[in-house]
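Single-structure report; data block below.
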Amino acid sequence: MFLEVKGLTKEYKRNDSVFAAVAGVNLSVSPADFISITGRSGSGKSTLLNMIAGLLTPTSGSIEIDGQDISALSDKEASLVRNSKIGYIPQGQSVLANFTVLDNVRLPFYLFKRQGDATEKALSLLAQVGIPHLSLSYPRQLSGGELRRISIARALINSPSLLLADEPTSDLDPETSAEIMALFRRISQNGTAVLLVTHQLETTSYGNSVYTMADGILTKR
């Protein structure tokens with residue numbers, strides 16, 4: 004397994020009580036898996052994804068990547084693991100308005116010292132997501148679907164083993180949504196595991212496993 008989530012829990016205090024947004028989740032992800040997680044708003048889907056991405060600290064449980072518990076690492080060590088092995092596509096638009104498309108895609112490459120040509124890699128990824136002609140454009144000039152493709156290319160710039168996507172088609176029209184989901188399927192077929200959170204049931208047909216989340220509990224369908 005590439006990713007092993009064990010007993011993952013995230014609790015919040017509500018007045019005098021404790022609320023579990025994620026309750027004892029176990030999940031195994033292998034290379035080339037394409038897993039969809041569905042559920043109503045507030046069911047804990049995004050909280051789970053954000054913990055795996057390292058954006059939230061679990062109350063308890065562990066997240067192992069390649070057999071290494073990232074919670075046992077220093078902040079810098081854990082950040083390097085995530086930057087090298089995990090690509091993350093957050094909800095909504097997250098591109099930087101003052102950066103060109105090319106600069107947005109290249110950005111994660113420079114967060115840690117690594118070898119290779121960031122520009123060549125970024126241009127190749129822009130071609131893969133179908134917008135090589137927009138490399139010198141700015142976000143304000145682009146459509147929602149084009150912005151989403153930038154986020155996907157940026158998440159892939161460091162050749163991650165796992166791609167996390169939080170509601171990647173929620174603000175797209177049906178045709179563009181189908182194109183994005185087909186792209187995720189190709190990414191998975193090329194060996195990168197995809198873990199996708201969605202409330203759009205029609206998108207689950209693109210993957211090979213579907214889980215449902217309700218009241219913080221994850222169940223395989």
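For the sequence shown, our numbering assigns the number 224 to the last residue and increments by one with no breaks.
Heads up, the beta-carbon is just placed ideally off N, CA and C, and yes, glycines get one too.
Source: prediction; values computed, not measured.
Query raised in the report: Quick one, which of Thr103, Thr201, Pro177, Ser97 has its alpha-carbon nearest Leu137's?
Result: Start at 1 with the first residue of the sequence shown, and residue 137 comes out as number 134. When the alpha-carbon of Leu137 is set against those of Thr103, Thr201, Pro177, Ser97, the nearest one is in Thr103.
Query raised in the report: Three-state secondary structure (DSSP) at Val84?
Result: Counting from 1 along the sequence shown, the entry for residue 84 is found at position 81. Val84 falls in the helix class under three-state DSSP.
Query - DSSP bridge partner residues for Met216 (one or two, in chain order) - result: The residue given as residue 216 occupies position 213 in the sequence shown. Paired residues: Leu221.
Report task. Grab me the residues of Asp169's own chain with a C-beta within less than 6 Å of its C-beta, minus the 5 sequence neighbours each way, in chain order. Result -> For the purposes of this step, residue 169 is taken as the residue at position 166 of the sequence shown. Excluding positions up to five away in sequence, the list reads Ser49, Leu52, Pro93, Gln94, Val200.
Query raised in the report: To the nearest angstrom, how far is it from the Cα of Gly42 to the Cα of Ala217?
Result: For this step, residue 42 is matched to residue 39 along the sequence shown. For this step, residue 217 is matched to residue 214 along the sequence shown. If you take the alpha carbons of Gly42 and Ala217, they lie about 6 Å apart.
Query - Among Leu167, Thr207, Leu58, nearest to Ala185 - alpha-carbon criterion - result: Looking up residue 185 in the sequence shown gives position 182. Nearest C-alpha to Ala185: Thr207.
Report task. Report the rounded CA-to-CA distance for Phe5 versus Leu165, giving the unit in angstroms. Result -> Here the question's residue 5 lines up with position 2 in the sequence shown. Here the question's residue 165 lines up with position 162 in the sequence shown. Rounded to whole angstroms, Phe5 to Leu165 spans 8 Å at the Cα level.
**Report entry** Terminal residues of the beta strand (DSSP E) in which Lys16 lies
**Finding:** As a working mapping, residue 16 is identified with position 13 in the sequence shown. Run containing Lys16: 6 to 17, per the beta strand (DSSP E) assignment.
Query raised in the report: Considering only C-alpha positions, which residue in the set Gly27, Asp176, Leu83 is nearest to Thr62?
Result: What you label residue 62 is simply residue 59 of the sequence shown in a count that begins at 1. The residue with the shortest Cα to Cα distance from Thr62 is Gly27.
Query raised in the report: Can you round the beta-carbon distance between Lys9 and Gly64 to whole angstroms, since I take them to be within the 8 Å contact cut?
Result: Here residue 9 is taken as the residue at index 6 of the sequence shown, counted from 1. Here residue 64 is taken as the residue at index 61 of the sequence shown, counted from 1. At roughly 6 Å, the Cβ-Cβ gap stays under 8 Å, so Lys9 and Gly64 are in contact.
Query raised in the report: Any idea which residues DSSP pairs Tyr91 with across the strands?
Result: As a position in the sequence shown, residue 91 is number 88, starting the count at 1. Assignment of beta-bridge partners to Tyr91 by DSSP yields Leu167.
**Report entry** Nearest-angstrom Cα separation, counted from Arg117 out to Ile153
**Finding:** Along the sequence shown, read from residue 1 onward, the residue named residue 153 stands at position 150. Along the sequence shown, read from residue 1 onward, the residue named residue 117 stands at position 114. CA-CA distance, Ile153 to Arg117, rounds to 21 Å.
**Report entry** 4-residue-minimum alpha helix (DSSP H) runs that sit fully inside the region 116 to 176, ordered along the chain
**Finding:** Unbroken alpha helix (DSSP H) runs of no fewer than 4 residues, entirely contained in the region 116 to 176, are found at 121 to 131, 147 to 159, following chain order.
Query raised in the report: Going by C-alpha distance, which of Val84, Ile55, Thr12, Pro34 is nearest Gly194?
Result: Locating residue 194 in the sequence shown gives position 191, where the first residue counts as 1. The option with the nearest alpha carbon to Gly194 is Pro34.
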